[in-house]
Structures are given as C-alpha cells and as structure tokens.
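Data block below; observations after.
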Amino acid sequence: MTIDTLDEAYRRLHRTGPEFEGWLSNHGPMAVEALVHHGHDAGVHRWLDSYLDRLDELPRGVNPIDDWRAALGDPKRTGDWLAYFARTVAETPWRTVLATWWPRLLPGIAASATHGVIRVGHAVRALRDHTTPDRVTELGQALAYWAARWQPVPGAGAAAGTSGVADASDRLPRVPCQDGGIRDRLTQLSDVPGWPTALAGLRPPTGPDDAPRLLAEVVHRASLDFLRFGHANPVMLVHTVTAPTAVLRTLPELAPELWLPSLDAAWSATAAVTAAYAPAGGATPPPITVDSAEEAFDRASRNGDEHVVKLADAVVDVYAGTGDRSALAAAVYAAQLI
C-alpha cells in the first residue's frame, strides 16, 4: 500500500462536506480507501478529480456541542459535530475515541442509509494499516457524520430466536410502500406485521467470541441475496453488505463486551435495508463467471462507481473467508447494474 496516496486523497477530501446536493453521501473517503487497500493507487487521484466536482464545501460549526445526546441525529448540527470531533481526535488517541463513541452511536446505525458506520469502518481499517494525522482526521469526520445523521432501526434489539442467518433473512417482511427515501421507508417498519418477530428471530451466538463468525455469515448471506434482489435497487441494496462489513472490520478494535450489540445492530441494518428495498420475490441473475478476487475488484475499479467499488471491497473479504465465488459475482453483477 502506498501510504502517501491515501493520505493525499484524504487531504483533498477533508475540505468537502459529508453530504452534497442536500442529502447524498460523500463516498469519496470510503472509495479511495478501498482502492488503495487493493493496490489501485495509480487511479485514485484521477478518480478524485472527477468526483470532487460534485461535492459541497465542509460545513462550518456555529454552536459548540455541549449536550451530545440532544444533538444526536440533528443534521443541522453537522458543522458543529465536525468541529467537535476534530478537536476530540486531536486531543485523544483514536482508539480511545472509538471506544467511547462506538456504543453511543451504534443504536443509530441506520444513519444516512448506514453510511455513517460504513465510513467509520473504512477509517478504522486505514488506521489499523498505518496511523497518520490524515487518517485520524478521517475517523473524526466519519464519527461526526454518523452522529449528525444518527437514526435507529425501528424494533431493533438483541437476537433471541432459533433461526440461522439464511432462514432469518428469508423470513424478513417488506415495507408496504417501497417508494421514497430511506427515512420514509424505515418509518413504515414500526407498523409492518411480524417485523419485530422477524428481526429478533436470528439465533444468537453462543457468546461474544462467536459473534464475529455469525456476523461474517450475515455479510456472506447478504452478498448472495444481492444476486437475487440487486436488480430492484442496486445502489441501496449494496448497503446490506457494506454496513455489516464495516462493523465486522471494526470488531477487533472493540472490547469483547461490545461484540454482541455490534452484531445485533449490524443485523438490524441489513434486515432493515432489505425490508425497505428488496422485492418479495427474488430473480435469477444472468450467469456470471469470475475467477479470482483480483478480477472482481479490477472489474469494479474499471466501472468506477463508488458503490460498485465498495461492494467489491466487501465481497473480496467474503471470498477470503469462504472461498465462495458467488460472493465475488455480486460485485460483477453490481457493475452491470450500476
């Protein structure tokens, strides 16, 4: 990995806000981290040259964050949150900041269609690879975005059922009106018959040490489900894979007592986005042949869409853990759809 490439890319991006055109998420920090992580350094600045033109300036803070609980989930305080975390990560070791704020932010994992937690997951991986001031700054901006858009999943709680991941996924109901933005769709979940039961139906792990294994199963299943459902809304359904991946990557930096609630939150995010965007009946995707993880990511990189790149980054991890080429096919399918 070329350290300077990612730090330079972060430096260019940190002058921009976490959203643009009103509410769209700035995927730049996540995409460039994935590209560099997979050795595609050479194309990062060229990709950024075109992407940066779409972005807004970094919002400035007005009122300091005093009561953090009251400010959670208030997008009008985005600039204030950015200032708060810029100061926090400058004064406190990044692992301490993560340990303090992860349990505070985790219940609001649906923030900005899960982009808050996804951006944090990419930042944590970059810091684990190499700690630099620019990567610390990125973690601060990622946490600030999560805090500003903090949003719980209705009905979320601890897994308490008897179903494995595949059965639990198959039993998820759908919102009655799959229209509008994610906030409108998630609001419907409270009134969906059987939603709380389906969400709690996942069999819990045998203990904290079993949580990473079960979370990896959630990611694996979501990648296969993308092949069945991705045609319906490929951009949004990418997050059924990338959100739990972000949590899974962060687990090694968290105390074991946070692993079970992290699993529960990740499952709730995947389940909620599935319920909000996946059709009730799946389709059979066209035959897709992909021979290696490198090929899958190369094809995603050539496609260039930030969602395709992030999905490829996630399913390469799935393949590394399972050897299942069908997971890699999800990234190729996304490149065909987006």
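Per our numbering, residue 129 is the first one in the sequence shown, and the count goes up by one each step. Built from N, CA and C at the ideal position, the CB exists for glycine as well.
For residue i, the nearest candidate out of the options (CA to CA)
i, options, result
"T224", "R205, L186, L267 and I246", "L267"
"S351", "H142, R215 and V460", "V460"
"D184", "S420, E149 and A214", "E149"
"A448", "V347, R430, Q306 and T417", "V347"
"T417", "E385, A455, N431 and D338", "A455"
"L300", "I466, R205, D177 and G410", "G410"
"T260", "I466, E423, T133 and D177", "T133"
"W387", "E345, A275, W196 and D338", "D338"
"Y179", "S153, A296 and D194", "S153"
"A275", "D419, Y212 and D298", "Y212"
CA-to-CA distance, residue j to residue i, given in whole angstroms
i, j, result
"G308", "Q316", "11 Å"
"R140", "P413", "38 Å"
"L210", "T265", "10 Å"
"A159", "G244", "14 Å"
"H166", "E147", "25 Å"
"H168", "G289", "42 Å"
"M129", "V303", "Bear in mind that a pLDDT of 46 at M129, under 50, signals an unreliable position, so the number given afterwards is only what the model happens to contain. Cα to Cα, M129 sits roughly 43 Å from V303."
"H155", "H250", "11 Å"
"A383", "P415", "42 Å"
"G451", "L465", "24 Å"
"A287", "H367", "20 Å"
"Q306", "H142", "34 Å"
"D195", "E423", "48 Å"
"W222", "L314", "32 Å"
Contact under 8 Å by Cβ, residue i with residue j
i, j, result
"S182", "G207", "For the sequence presented, residue 182 should be read as Arg rather than Ser. Result no, Cβ atoms of R182 and G207 do not sit closer than 8 Å."
"F425", "V446", "no"
"P333", "L379", "no"
"V190", "A137", "no"
"R247", "P192", "no"
"T144", "L186", "yes"
"L343", "F354", "no"
"G236", "G292", "no"
"P199", "R205", "With the sequence shown as reference, residue 199 is identified as Ala, and Pro is not the correct amino acid for it. Cβ atoms of A199 and R205: closer than 8 Å."
"A371", "A394", "yes"
"D262", "D135", "yes"
"L163", "W175", "yes"
Contact belief for residue i with residue j at Cβ below 8 Å, rounded distance in angstroms
i, j, result
"V428", "A440", "First, the amino acid is wrong: residue 428 is Ala here, not Val. Yes, A428 and A440 are in contact; Cβ-Cβ is about 3 Å, under 8 Å."
"A294", "R349", "6 Å"
"I310", "A241", "5 Å"
"L234", "P340", "So it is not a contact: roughly 16 Å between Cβ atoms."
"V252", "E381", "6 Å"
"P336", "E385", "7 Å"
"N431", "A463", "4 Å"
> Are the segment 430-437 and the segment 398-412 touching by the rule of at least three beta carbon pairs closer than 8 Å?
Replying inline: The answer is no - the segment 398-412 does not touch the segment 430-437, with fewer than three Cβ pairs under 8 Å.
>> Across the segment 370-381 and the segment 311-323, are there enough close Cβ pairs to call them in contact, namely three or more that are closer than 8 Å?
In response: no
> Does the segment 405-422 touch the segment 360-367, meaning 3 or more C-beta pairs lie closer than 8 Å?
Replying inline: yes
>> Using 8 Å as the cut-off, can you tell me whether the segment 276-283 makes contact with the segment 251-259, which would need three or more C-beta pairs spanning the two stretches below that distance?
In response: no
> For the segment 225-238 against the segment 260-275, are there 3 or more C-beta pairs whose distance is under 8 Å?
Replying inline: yes
>> Quick test of the definition: if touching needs 3 or more C-beta pairs under 8 Å, does the segment 324-332 touch the segment 282-290?
In response: yes
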